[in-house]
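Report on one structure; see the data block that follows.
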Amino acid sequence: MAETILSKLEGGFISNYSLWTEEQKEAAQRIVAELEEHDFLIVRIAWVDQQGVLKSKRVPKEGFIKSLKNGLNISTGTFIFDSAYALVFNPFIPGGGYGVPEMTGCPNITLVPDPLSFKLIPWADRQAMVMCDIYFNDGQPVPYSARQVYRKALDKLKMRGMESIVGLEIEWYLTKIEDPMLAVEHNGDLGLPPAAPKVSTVEHGLWYQAEPHNQEIHEILDVLAENLLKLGIPLRTMENELGPGQYEFVFDPLEGMEAADAMMYFKIATKQISRKYGYMATFMCRPHLKGFCSSGWHLHQSIIDKNTGTNLFMDENQAISEFGRHYIGGILANARAASVFTTPTINGYKRLKPNSLAPTSTVWGIFNRGVMINVHGTAGDASSHFENRIGEPGANPYLYMASQIVSGLDGVDNRIEPGEPSETPYDNDRAKLPKSLQEAVDELKRSELFIEEFGESFVKYIVAVKESEYGRYLQYVQEENIANAEVETTEWEQREYFEVL
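Take the sequence shown: its position 356, counting from 1, is numbered 356 in UniProt numbering, and each next residue is one higher.
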């Protein structure tokens, strides 16, 4: 049986270019055996675009098995637009607008499923999903693939005998759909998103973690919890946050690529299950709705020695080790440029306000929710780690996590000191975080670290995409003569982010 399955997978694109590890090959064989023994209909072959939005092609079972040998072709079309599908790159000139010959003419590229990410979809009968890496047809990684960028960062850790451990803590909103706004007159166009759905709140806000509200929403949250656990996503807690229908979900720590994949599975499960029951979930940071406050994504992190399992942030005499201090130092030193990856939308910067439980400057502290890097640990604590509190929930998880690794290792390699832990996170002389996406993009353009680690081609690419996004926004602000657009959420942002993120 094993030889029969193996023969189906050998001699194709994936094996010819040695694109899988032995662990992935073994997982692929198990998947094929499972698919052949059960009544599956569809596998969603998925990838994440530059905005952090999940894309997929649905293929029947036999087509998916073939993709485990040769991959699956897609066009480069999803890479040529910004967040509202305004055209950024002209693929019909030499280099496709990127200066890369392989991108000329909007050609096919190849999705290669990662068998380790394969999951059954409990909310869709007889269906499964798998995450993919993306390659040119000569077997070289596509430099604009966010998952490939993260894989490169993980490989850098692996070469040092290290592994990243990540805990997810995400805030988001659940709303009730009143009008999906599907009438033809509400349709959008390239560069102009359709009207956002009209929604109502599922509960009143402003009563943080109040148990009485749970009666109003526990049924849908129970459905979400059941499906997430069936997916194998290690849900730890669910709780009400401050806003109306705002919740925080926390998950147990995961390793490396599994953590970023889990974030995408969590988001798509939450959005699709909510819609199935007449609700809408959004990971937009600050919706343009009365009483809706900002949501954040706090990324908990530690680094372990793969050979011994030792937490390299633990110290017998203090809250964080010297290695950990330098790792934090690197993240703080590169935080302004990394903001494009941690806070990639115009909307996300309206969360970063003084005394708001969101950071405004590049400081760290110990058990302090006002700082950017919040250390959780005491002397001798084997679970010592830190959370970066800058992230917004709509961030691309692969780029967010990759930015942390390359920044942290820069701090370790150059012994960057983070300074003393702060007890006054909103009153200090440390560098301030960007106040806008435009400011963050300008920082990224100057970042030697990200140009080297993520690749010059990728940095130029993401800069162009984000300049298109905020260029459209600035035009809207000027045309509508909006005076306080730097602090208040606009209708433009509601259309741009509310439904898709």
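We put the CB at the ideal spot given by N, CA and C, even for glycine.
Beta-carbon gap between residue i and residue j smaller than 7 Å
i	j	result
Glu-387	Asn-374	yes
Pro-421	Gly-348	no
Gln-438	Tyr-461	no
Ser-361	Lys-432	yes
Ala-196	Arg-472	no
Val-88	Ser-468	yes
Thr-175	Met-280	yes
Arg-351	Ser-294	yes
Leu-221	Met-238	yes
Glu-241	Glu-171	yes
His-186	Pro-194	yes
Phe-292	Gly-256	no
Pro-425	Ile-328	no
In DSSP terms, what residue i is bridged to
i	result
Glu-171	Glu-248
His-376	His-385
Glu-255	Ile-165
Ile-390	None; Ile-390 has no bridge partner.
Lys-119	Met-129
Leu-229	Leu-229 pairs with nothing; no bridge assigned.
Gln-301	Val-166 and Phe-386
Ser-200	Lys-176
Asn-355	For Asn-355, which the question treats as bridged, DSSP gives no partner whatsoever.
Asn-396	DSSP output for Asn-396 lists no bridge partner at all.
Asn-311	Ile-304
residue 549	This structure gives no information on residue 549, because the portion of the chain shown stretches from 1 to 501.
Asn-108	Ser-75
Cα-Cα separation between residue i and residue j, rounded to whole angstroms
i	j	result
Met-1	Leu-399	Low per-residue confidence applies at Met-1: pLDDT is 47, beneath 50, and the placement is therefore not dependable enough to give any value.
Leu-182	Gly-455	41 Å
Arg-336	Asn-317	31 Å
Met-263	Leu-168	8 Å
Leu-231	Gly-71	24 Å
Glu-480	Glu-488	14 Å
Thr-345	Leu-192	16 Å
Thr-104	Ile-320	49 Å
Trp-492	Val-500	13 Å
Val-340	Asp-82	14 Å
Arg-147	Cys-132	8 Å
Ile-416	Val-459	24 Å
Ala-28	Val-149	23 Å
Asn-227	Ala-128	13 Å
Asp-414	Val-363	A quick correction: the sequence has Asn, not Asp, at residue 414. Using only the alpha carbons, I get a separation of about 18 Å.
Ile-482	Trp-297	28 Å
Leu-330	Pro-287	The question names Leu, but residue 330 is Gly in the sequence shown. Distance between the alpha carbons of Gly-330 and Pro-287 is about 32 Å.
Thr-342	Val-465	16 Å
Phe-251	Ala-485	34 Å
Phe-450	Gln-215	47 Å
Asn-311	Ile-31	33 Å
Tyr-497	Gly-377	36 Å
Leu-19	Ser-67	13 Å
Glu-37	Lys-61	11 Å
Gln-50	Glu-34	32 Å
Asn-90	Phe-79	11 Å
Residue i - DSSP class collapsed to helix/strand/coil
i	result
Pro-113	strand
Arg-236	strand
Thr-342	helix
His-288	coil
Asn-334	coil
Ala-281	strand
Ser-15	helix
Gly-365	strand
Lys-435	coil
Ile-134	strand
Ser-274	helix
Ala-402	helix
Leu-206	coil
Glu-423	coil
Pro-101	helix
Asp-429	coil
Gly-95	helix
Gln-318	coil
Ile-416	coil
Gly-455	coil
Ile-217	helix
Check: residue i C-beta below 6 Å from any heavy atom of the ligand PLP
i	result
Phe-341	Annotation note on the ligand PLP: not contained in the displayed structure, which lists no ligands.
message: Runs of 4 residues minimum, wholly inside the region 24-87: which ones carry the alpha helix (DSSP H) assignment?
response: 61-70
- request: Could I get the ranges of all uninterrupted beta strand (DSSP E) runs contained in the region 136-196, with 3 residues as the minimum, in chain order?
  value: 162-179
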